[in-house]
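This report concerns only the one structure given below.
There are 2 protein chains.
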Amino acid sequence: MKVALVQRKYNRNSKKNLKKTISSIEKASLKGSELIVLQELHQNEYFCQSEATDFFKYANSWIEDVEFWSKIAKKYGVVLVTSLFEKRTEGLYHNTAVVFERDGSIAGKYRKMHIPDDPGFYEKFYFTPGDLGFEPIQTSVGKLGVLICWDQWYPEAARLMTLKGADILIYPTAIGWFDEDSKKEKKRQLDSWTTIQRSHAIANGIPVISCNRVGFEEDASGVIDGIRFWGNSFVCGPQGEIIAQAGKKETILYAEIDEKRTKEVRDIWPFLRDRRIDAYVDISKRYCD
Amino acid sequence: MKVALVQRKYNRNSKKNLKKTISSIEKASLKGSELIVLQELHQNEYFCQSEATDFFKYANSWIEDVEFWSKIAKKYGVVLVTSLFEKRTEGLYHNTAVVFERDGSIAGKYRKMHIPDDPGFYEKFYFTPGDLGFEPIQTSVGKLGVLICWDQWYPEAARLMTLKGADILIYPTAIGWFDEDSKKEKKRQLDSWTTIQRSHAIANGIPVISCNRVGFEEDASGVIDGIRFWGNSFVCGPQGEIIAQAGKKETILYAEIDEKRTKEVRDIWPFLRDRRIDAYVDISKRYCD
Chain L
1 MKVALVQRKY NRNSKKNLKK TISSIEKASL KGSELIVLQE LHQNEYFCQS
51 EATDFFKYAN SWIEDVEFWS KIAKKYGVVL VTSLFEKRTE GLYHNTAVVF
101 ERDGSIAGKY RKMHIPDDPG FYEKFYFTPG DLGFEPIQTS VGKLGVLICW
151 DQWYPEAARL MTLKGADILI YPTAIGWFDE DSKKEKKRQL DSWTTIQRSH
201 AIANGIPVIS CNRVGFEEDA SGVIDGIRFW GNSFVCGPQG EIIAQAGKKE
251 TILYAEIDEK RTKEVRDIWP FLRDRRIDAY VDISKRYCD
Chain Y
1 MKVALVQRKY NRNSKKNLKK TISSIEKASL KGSELIVLQE LHQNEYFCQS
51 EATDFFKYAN SWIEDVEFWS KIAKKYGVVL VTSLFEKRTE GLYHNTAVVF
101 ERDGSIAGKY RKMHIPDDPG FYEKFYFTPG DLGFEPIQTS VGKLGVLICW
151 DQWYPEAARL MTLKGADILI YPTAIGWFDE DSKKEKKRQL DSWTTIQRSH
201 AIANGIPVIS CNRVGFEEDA SGVIDGIRFW GNSFVCGPQG EIIAQAGKKE
251 TILYAEIDEK RTKEVRDIWP FLRDRRIDAY VDISKRYCD
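Heads up: the sequence lines are chains L and Y, in that order. Numbering (the UniProt record's numbering) for the first sequence: 1 to 289. Numbering (the UniProt record's numbering) for the second sequence: 1 to 289.
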């Protein structure tokens, strides 16, 4: 199966941004991609750099947004993973991935479960933690274990998706550096991010797709300079082996996923066989003190 | 804190083998190592390549073995992580790590929980799965989350050790290649092994020590040629960053662990803060079908 990841810069103009994203989807579909993954909150700038109620306006178009991307998926005949700002009611919003089938129907949605809150990433202000659990989404290209950004640091999320039958793990994400950090610290952070996601592939014997933002976006509040999203979107196979990886430029990253290889690897390295489910109960505790 | 990992070849003679291991411990202690980690089942060859009741003889000396390593820990004044073949009664054996305090007292033991069973690694024949759970061991150099080999593929094990207060994760291990595998497959396997263990450091914000065997050991039964243990023992910090890594030769690998850095990283990347413990219950299921 051919997949495409659209790694893009936000260019301060939502309409132009949208146009470019659609043009990337068109290109990817013409190249035969069956599954296209967009980065986290791809419609707008990464507004969580500061806390301002004004940004809730971006969620006002939630219903229209879903209709819009449904039409795009149908037009290009692809399975499309989007990342949208969901308004459920006043004062209740989610960071939600909606997956569309080739015919434009909604295959399913996932509400981000793990919500970060760190300088520059004030997501707890905007997003109520998801209440749909870790449920993979059945599509014509397989059962997709869609998770979002901060979820990528949690082996529990990847494992639960796998136990529920996910064929692939998919992470739309928005992560980057602060310019003031040292070169070594930046390298450690990027390596950590790649390593933990590759490890989910390894532990669960399934491929991972991670689609990240790229480019500098300034902090509207001026508290920090801004975030330099590090790109480096990638696809890895079931042994965590990198199949394709982007750099720090806007790009459409293509990869071929070999379902036969996944099956082979899961039989050779049968980690699910030997899990000590009799001894895992404390994983549901905050801390064992 | 200075740690040392003793990565050794087995040289077909248990007495000579023992002598060399002790000489390595002596060297490491003279260099100021406070914590010394030995590889999995370091007293003998890796006998699990075939299934033969004759090998249970290696467990007959279990009580004497514990007394012996206790004296070694005391003699050199180090915290020592050993990996022994435990006889509990006739027909009931474990793959057990015993940790000794500097004064020779037993700090604690861990019985390998996840037991593999694959061609060349017939451990289910020899070892009853551990029944002590995932309990870190308190020592004068910190709370040690000792796990063994196959455990390294399970994020659950690393997480549970962390939730119970482990300061470091430690894996005595014995893993290697089959010569007939392709160069690419060997690379994928070694990368997987390093990546998954580095990911436990990242997910839990604590350093990882992994001490592996090295060198070729033939299969006594002649069914397969044997296993070429790949060495590559390593120590990584709480961001998964490699601090020291061995190659494919016998060596004593030294590393300095910086506890202050661990604390910093865990505050900057507070993954434990955001765990969705309300949504993890299915991790205790075999599969959600």
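Don't be surprised by glycine CBs; every beta carbon is placed ideally from N, CA and C.
(message) Closest to L/E250 by C-alpha separation, out of L/F134, L/R213 and L/V235, would be which residue?
(response) On the first sequence, position 250 is the one that residue 250 of chain L refers to. Of the residues L/F134, L/R213 and L/V235, the one whose Cα lies closest to the Cα of L/E250 is L/R213.
(request) Flag this pair as yes or no: are the beta carbons of residue 313 of chain L and L/M1 separated by less than 8 Å? (result) The first residue shown for chain L is 1 and the last is 289, placing residue 313 of chain L beyond what the model contains.
(message) Residues of chain Y with CB closer than 7 Å to the CB of L/S192, please, in chain order.
(response) Working through the first sequence from its first residue, we reach residue 192 of chain L at position 192. Counting only Cβ-Cβ distances below 7 Å, L/S192 has contacts in chain Y at I202, Q239 and G240, in chain order.
(message) Within 10 Å of its beta-carbon, does L/K112 have 16 or more other beta-carbons around it, so buried, or fewer, so exposed?
(response) For the purposes of this step, residue 112 of chain L is taken as residue 112 along the first sequence, with counting starting at 1. Around the beta carbon of L/K112, 16 or more other beta carbons sit within 10 angstroms, so the residue counts as buried.
(request) Note the first and the last residue of the continuous beta strand (DSSP E) segment covering Y/E256. (result) The residue labelled residue 256 of chain Y in the question sits at position 256 within the second sequence. For Y/E256, the enclosing beta strand (DSSP E) covers residues T251 to E256.
(message) So L/H114 contacts chain Y; which residues on that side make the cut at Cβ distance below 9 Å?
(response) Within the first sequence, numbered from 1, the residue matching residue 114 of chain L stands at position 114. Against L/H114, the close residues of chain Y are F271, D274, R275 and R276, in the order they occur along the chain (beta-carbon pairs closer than 9 Å).
(message) Give me the subset of the segment 167 to 185 of chain L whose CB atoms are less than 7 Å from a CB atom of chain Y, sorted by chain position.
(response) For the segment 167 to 185 of chain L, the beta-carbon criterion of a distance under 7 Å to any beta-carbon of chain Y is satisfied by none of its residues.
(request) Can you tell me which of Y/N232, Y/I206 and Y/K187 puts its alpha carbon nearest to the alpha carbon of Y/K143? (result) The residue given as residue 143 of chain Y occupies position 143 in the second sequence. Looking at the Cα atoms, Y/I206 is the closest of the given residues.
(message) Can you confirm whether the segment 49 to 66 of chain Y touches the segment 183 to 193 of chain Y when touching is taken to mean that 3 or more C-beta pairs between the two stretches lie within less than 8 Å?
(response) The answer is no - the segment 49 to 66 of chain Y does not touch the segment 183 to 193 of chain Y, with fewer than three Cβ pairs under 8 Å.
(request) Could you name the residues of chain Y that L/A255 contacts, counting a contact when the two beta carbons are closer than 9 Å? (result) As a working note, residue 255 of chain L is residue 255 in the first sequence. Taking the beta carbon of L/A255 as reference, no residue of chain Y falls within 9 Å; the closest one sits roughly 16 Å away.
(request) Just the chain Y side, please: which residues come within less than 7 Å of L/D282 by C-beta, in chain order? (result) Here the question's residue 282 of chain L lines up with position 282 in the first sequence. By Cβ distance, chain Y contributes L160 and L163.
(message) Taking DSSP's pairing of strands, which residues face Y/V6 in a bridge?
(response) The residue labelled residue 6 of chain Y in the question sits at position 6 within the second sequence. Answer is Y/L38 and Y/I252.
(request) Give the secondary structure of Y/D167 by DSSP, where H, G and I count as helix, E and B as strand, and everything else as coil. (result) Position 167 of the second sequence, counted from the start, is the residue given in the question as residue 167 of chain Y. Note: Y/D167 maps to coil in three-state DSSP.
(request) Using only alpha-carbon positions, find the residue among L/I227, L/S83, L/R102 and L/K71 that is nearest to L/Y122. (result) Start at 1 with the first residue of the first sequence, and residue 122 of chain L comes out as number 122. Checked all of L/I227, L/S83, L/R102 and L/K71; the closest Cα to L/Y122 is L/I227.
(request) With L/P80 as the anchor, note down where its beta strand (DSSP E) starts and where it stops. (result) For this step, residue 80 of chain L is matched to residue 80 along the first sequence. For clarity, residue 80 of chain L is Leu in the given sequence; the question names Pro instead. For L/L80, the enclosing beta strand (DSSP E) begins and ends at V79 to T89.
(message) Looking at the secondary structure, which residues open and close the beta strand (DSSP E) in which L/T96 lies?
(response) Looking up residue 96 of chain L in the first sequence gives position 96. Run containing L/T96: L92 to F100, per the beta strand (DSSP E) assignment.
(request) State buried or exposed for Y/K109, treating a residue as buried only when at least 16 other CB atoms are found within 10 Å of its CB. (result) Taking the first residue of the second sequence as 1, we reach residue 109 of chain Y at position 109. Buried: at least 16 other Cβ atoms inside 10 Å.
(request) Identify whether Y/W269 lies in helix, strand or coil by the three-state DSSP scheme. (result) Here the question's residue 269 of chain Y lines up with position 269 in the second sequence. Here DSSP, grouped into helix, strand and coil, assigns Y/W269 to coil.
(message) For Y/Y287, would you say it is in contact with chain L, using Cβ-to-Cβ distances shorter than 8 Å as the test?
(response) Numbered from 1 along the second sequence, position 287 holds the residue referred to as residue 287 of chain Y. Chain L contact via Cβ: present.
(request) For the alpha helix (DSSP H) containing L/L30, list its first residue and its last residue. (result) Mapped onto the first sequence, residue 30 of chain L falls at position 30. L/L30 -> alpha helix (DSSP H) spans S14 to L30.
(request) Using three-state DSSP, classify L/L160 as helix, strand or coil. (result) The residue you call residue 160 of chain L lines up with position 160 of the first sequence. Helix, per DSSP.
(message) Are the CB atoms of Y/I209 and Y/I170 within a distance shorter than 8 Å?
(response) Locating residue 170 of chain Y in the second sequence gives position 170, where the first residue counts as 1. Locating residue 209 of chain Y in the second sequence gives position 209, where the first residue counts as 1. Contact flag set, yes.
(request) Using beta-carbon positions only, say whether L/E34 and L/V141 come within less than 8 Å of one another. (result) Counting from one through the first sequence, the residue named residue 34 of chain L turns up at place 34. Counting from one through the first sequence, the residue named residue 141 of chain L turns up at place 141. Yes; because the gap between Cβ atoms is below 8 Å, this pair is in contact.
(request) Use the C-beta contact count for Y/N204: other C-beta atoms within 10 angstroms, 16 or more gives buried, fewer gives exposed. (result) Walking along the second sequence from the start, residue 204 of chain Y turns up at place 204. Buried, because 16 or more other Cβ atoms sit within 10 Å of the Cβ of Y/N204.
(request) With DSSP collapsed to three states, give me the class of L/I242. (result) Locating residue 242 of chain L in the first sequence gives position 242, counting from the first residue. Collapsing the DSSP output to three states places L/I242 in a strand.
(request) In the DSSP assignment, find the alpha helix (DSSP H) that holds L/A203 and state where it starts and stops. (result) Within the first sequence, numbered from 1, the residue matching residue 203 of chain L stands at position 203. Where L/A203 is concerned, the enclosing alpha helix (DSSP H) stretches over K183 to N204.
(request) Please list, in chain order, all residues of the same chain as L/A73 whose beta carbon is under 6 Å from its beta carbon, the five residues on each side excluded. (result) As a working note, residue 73 of chain L is residue 73 in the first sequence. So the qualifying residues of the chain are L80, F100 and G104.
(request) Could you spell out where the beta strand (DSSP E) holding L/W230 opens and where it closes? (result) Locating residue 230 of chain L in the first sequence gives position 230, counting from the first residue. Note, L/W230: beta strand (DSSP E), G226 to W230.
(request) Out of L/E217, L/A220, L/E218 and L/I252, state which residue places its alpha-carbon closest to the alpha-carbon of L/F234. (result) The count along the first sequence starts at 1 and reaches residue 234 of chain L at position 234. Measuring C-alpha to C-alpha distances from L/F234 to each of L/E217, L/A220, L/E218 and L/I252 identifies L/I252 as the nearest.
(message) Checking 8 Å against the spacing of the C-beta atoms, do L/A279 and Y/F134 come in under that value?
(response) Counting from 1 along the first sequence, the entry for residue 279 of chain L is found at position 279. Counting from 1 along the second sequence, the entry for residue 134 of chain Y is found at position 134. Closer than 8 Å, so yes.
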